[in-house]
Every structure is written in C-alpha cells, then in structure tokens.
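FYI, the numbering for the sequence shown is 1347 to 1699, going by the numbering used here.
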Amino acid sequence: MEPYLQLDGITKQFGGFQALKGIDLLIPPGEFICFLGPSGCGKTTLLRIIAGLEGQTSGRIRQAGRDISTLPPAQRDYGIVFQSYALFPNLSVADNVAYGLVNRKTPRAQITARVAELLALVGLPGNEGKYPAQLSGGQQQRIALARALATSPGLLLLDEPLSALDAIVRVQLRQEIKRLQRQLGVTTIMVTHDQEEALSVADRIVVMNHGVIEQVGTPLQVYREPASAFVADFVGRINTLPARTAAGGALQIGQHCIPGTHAGAAGRDVTVYLRPEDLLARPIGPGDAHVFDAGITAIDFLGAYCLVTVQAAALGGQPLQVVLSLNFLSEQALAVGSTLPLKLLPERLRVFG
C-alpha cells in the first residue's frame, strides 16, 4: 500500500538550535498516529511543518503522491484543531463550522446541510445559532473539530486538542475523536504529551525526544517492547534495577540470578526495566522460579487499585512499585510493614546500558 503521507529527512534549524534531525516517517491512509514526547522534543514543530505553518530547513513531504514540501497552507489538504480552540468569537457556531466552505464558495444550501450534518456528528445538533462564549470548553473543541472536518480533508491534524480540558471531559472527547476517526476513515495525526491519551487512541505511536524519533510502533509494542531506555522511562510507570551481565546471557540482580535473558558480553553494568504489573503477587507454588519476599514500605490508593512500594533484599533492596487491586490488599490484610511474596517475570524484563 502506498503511504498517504511520507516524510523524508525533515530537519529544522532555529538559529543554532536543531529542533528536528532528519525525520523519516511513512503514514498509510486512514491511520491514527500520535506524536508523543516531552515538551521541547519537536513534535509540534513537526506537525506545523506538515501543515505548512512552519518551513523545514531541509527534507521533503509527500501527501497522496503530491509533493507539498513548499506549498503554502491554503494549498495543502488538511483540517487542523488547536489546543486553544481558535474559534471566531464574533461568529455563530454555524458560521464557525462553515468558514472553510464559505471560502471555497460552496452554495449556501450545501453549507447549511453540511453544518447540520457535522453538528450531529460531533453530538451538538441544534446549536447553530449559539456563540462560542455560550459553550463549555468541551463543546467549543467539538465545534473546532467540526470546522476542521467541514471541507472533508484527507488529513486531520490535532495539536494537543484536549490539554486545556478537565480530566472527565478529556476522556469523553478523546473517545469521541477516536470514534469519529474510525467512522470517517480520515488519516489523523495528533500531538500529545499525555501517554494515556496516546495509548488509548493511536493505531501507532511516534515517540520523539530531542528532535529524533526514538520508536514507532503500536501502543502495545511501545509499552511492552520499548526500543530505548528513554521510551521505557517515558511511557508508563517503570521500575529500574541495576544489574550485571554474567556468562551465558545471565543477569545478576542483587543476589538473584536470571539465566538467558540478554545477549552480549559478560561483566557489563546494565539497567533492568520492569513494569509494576510484571511483578506478580499471588499464591506461589513450590516449583515457581524467580520468587522472593518483599516488605511493603508504602501504599498509594488510586481507586480500584493501589500502587504498592516494596523492597526486596534479594534484589538489592531497591524500592520497587507493584500494582495490586484494592480487593487483593483487603483479602490478604496487607499493610505497610507486611511481607509480600512476589514472582518476577523474566520474559518481561528489558535491559539497556
């Protein structure tokens, strides 16, 4: 399948600062992509370059087989939604949604029908006569989304569209955006620094750091198989343990040896990365391997589950976080000071260093 959007060697220089360093990326038609990374990693700059709002220093962009590298924004086929909604306060909802259609000199009857269709699509039918100030933040962002979709663009660009909303509205609206994207099949790129947001909506995630792509993969791949220490650290909670490589691919973590878990020379100092849910607290059988006792030092209540901090002498006494359900804690009568038997899953370890 031909990619819908192709980025080749995109670089961006701001004076002496290089914001993007040779970005290559292929996006197939209909895919929902998230650019994920910390502030200053280059994700918004890359989105603005795709939109033509910023010029790249070097590199080329192709959209649907057409070279758009030097085209102005008006000649590129996309709709965009900004963090700040960017609605016109003096225009009604209907006029905001219709803005791009009016510029294209679409007949009035078609505009009226399209506005009604889009407002129904985003769950705000009958609001044509209202003004942005009469709407909540979540409603304004729905209108901004309807406006971006009005001209039926081939590409939808979302620049942190949910970050100004409160938590409950943010979750509701991201589900709506995902539903709309699936329904319309429009190729979509969303910029976000929110890992949960990216994991929940994206077909693939592009993890960026310091102007380069660290990893491209499905949410499950990025979470379970991080390609670098940065990705492991940035996406989700992680435990880090100092370790040393031993003969035969073994890892020595504190007093505990795990055979055959790495490739490379023996005698190297490395760091082991392990998700909290990959330390299992459950009844341990007599033949179970990689089992150790850990003392509970803190319990953070997070609703249906708790984040439990433990220390295990066998693993060098390093503080570790474990995810346990509230029911399990209650049933086992566990509290700070209790001892908890844990089973480590060697296949889930990631080793960097």
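Think of the CB as a built atom: it goes at the ideal place given N, C-alpha and C, for glycine as much as any other residue.
Item: Helix, strand or coil for F1647 per DSSP?; Value: strand
Item: Taking the alpha-carbon of V1668 as reference, which of G1582, G1633 and A1496 has the nearest alpha-carbon?; Value: G1582
Item: Could you give the uninterrupted runs of the beta strand (DSSP E) lying entirely in the stretch 1516-1566, keeping only those of 3 residues or more?; Value: 1533-1538, 1550-1555 and 1558-1563
Item: Take the Cβ of I1514 as the centre, count every other Cβ of all protein chains shown within 10 Å, and call the residue buried at 16 or more, exposed below.; Value: exposed
Item: If you run the structure through DSSP and keep just helix, strand and coil, what is F1434?; Value: coil
Item: Looking at the unbroken beta strand (DSSP E) that takes in R1450, where does it start and where does it end?; Value: Unbroken run through R1450: none, as it is neither H nor E.
Item: Relative to the C-alpha of A1681, which residue among L1491, G1662, C1652 and L1661 is closest?; Value: C1652
Item: In terms of residues, what are the limits of the alpha helix (DSSP H) holding I1584?; Value: That residue, I1584, is in no alpha helix (DSSP H); it is neither H nor E in DSSP.
Item: Is I1642 near L1686, with beta carbons less than 8 Å apart?; Value: yes
Item: Assign V1682 to one of three DSSP states: helix, strand, or coil.; Value: coil
Item: For K1689, does the three-state DSSP call read helix, strand or coil?; Value: strand
Item: Starting from G1355, trace the beta strand (DSSP E) in both directions and tell me its first and last residue.; Value: L1351 to F1360
Item: From the beta carbon of R1516, is the nearest beta carbon of chain B less than 8 Å away?; Value: The chain inventory of the structure shown lacks chain B, comprising one protein chain alone.
Item: Measure the alpha-carbon distance for F1360 versus Q1409 and round it to whole angstroms.; Value: 25 Å
Item: Are the stretch 1374-1382 and the stretch 1530-1540 in contact at 8 Å, needing three or more beta carbon pairs?; Value: yes
Item: Decide yes or no for the touch test of the stretch 1401-1419 against the stretch 1559-1569: beta carbon pairs closer than 8 Å, at least 3 of them.; Value: no
Item: Per DSSP, what kind of secondary structure is R1454 in: helix, strand or coil?; Value: helix
Item: Quick check for students: name the residue ranges of the beta strand (DSSP E) that lie wholly in the stretch 1594-1672, counting only runs of 3 or more.; Value: 1596-1599, 1602-1604, 1615-1620, 1637-1647, 1651-1657 and 1665-1671
Item: Roughly how many angstroms separate the alpha carbons of V1468 and D1579, rounded to a whole number?; Value: 36 Å
Item: My guess is that K1689 and V1637 are in contact by the Cβ rule of under 8 Å, so how many angstroms apart are they, rounded?; Value: 5 Å
Item: Out of L1382, A1596, V1439 and L1502, which one is the CA nearest neighbour of R1422?; Value: L1502
Item: Let me check understanding here. Comparing Cα to Cα, which of E1623, H1539, F1647 and G1613 lies closest to R1694?; Value: E1623
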